[in-house]
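**Student:** One structure is given below, represented as structure tokens, and several questions about it will come after.
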Amino acid sequence: MPVRPATDSLDTALRLTRAHNAMAKQLDAALANRHGVSYADFQILLHLGAAPNARLRRVDLAEALGLTASGVTRGLGPLERIGLVDREKDPRDARVAYAALTETGRALLVEMTVSAEEVAADWFTPNCSTAEVATLSALLGALGGGGRPQPGRAAGGSLDEQGDDEGRKRR
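What the sequence shown shows, in UniProt numbering, is residues 1 to 171, in sequence order.
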């Protein structure tokens with residue numbers, strides 16, 4: 001007898017993981033083919049591009065990406081070598097280092113964002129309405145899935161802010 005997920009929660013978690021993996025694979029391939037950088041690189045650049053003055057403390061970037069300090073260092077190394085990101089020191093605290101998007105990095109990020117938007121539209125448009133995509137975004141935000149990297153704004157919003165199907169606030 002086959003073993004299957006016993007709950008909708010587990011089934012949904014497994015489906016979400018498969019969907020994420022498929023989307024990430026498509027984004028990675030498109031960004032690598034068109035721009036020579038990975039989806040992971042794009043995420044780093046996207047967070048830096050959304051930050052004030054296009055720079056973040058490396059530790060804050062690691063936290064935003066869900067990486068360790070060494071993980072973000074490994075991710076930034078190649079981007080620094082090809083001139084997309086600069087490493088900057090804090091003049092008041094030698095222990096603090098920043099990652100800053102260069103002008104070259106900013107220009108590439110603009111191009112990469114267009115490509116990523118195209119992939120996302122190709123992924124969602126045939127399968128979901130605009131309202132369904134907005135609902136999915138709100139649900140993922142409520143689950144801690146983040147959202148657009150925008151300092152000063154809760155990532156993705158929450159269902160508390162969105163309300164349920166009948167317009168009630170959730171609590």
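Quick reminder that beta carbons are idealized off the backbone N, C-alpha and C, glycines included.
Computed from a predicted model, the values in this text were never measured in an experiment.
Could you pull out every unbroken alpha helix (DSSP H) segment of at least 4 residues lying fully inside the UniProt domain "HTH marR-type" (6-145), listed in chain order?
**Tutor:** Listed in chain order, they are 8-35, 39-50, 58-65, 69-81, 103-124, 130-142.
**Student:** Between the C-alpha atoms of Q26 and I82, what's the straight-line distance to the nearest angstrom?
**Tutor:** If you take the alpha carbons of Q26 and I82, they lie about 23 Å apart.
**Student:** Alpha carbon to alpha carbon, how far is L48 from A6?
**Tutor:** L48 and A6: Cα-Cα distance of roughly 41 Å.
**Student:** Could you check whether S115 and L31 sit closer than 9 Å to each other, using their CB atoms as the reference points?
**Tutor:** Contact: yes.
**Student:** According to the Cβ coordinates, are A54 and L84 closer than 9 Å?
**Tutor:** No; because the gap between Cβ atoms is not below 9 Å, this pair is not in contact.
**Student:** Which value, in whole angstroms, describes the spacing of the CA atoms of residue 225 and Q43?
**Tutor:** Outside the modelled stretch of the chain, which goes from 1 to 171, sits residue 225, for which no answer is possible.
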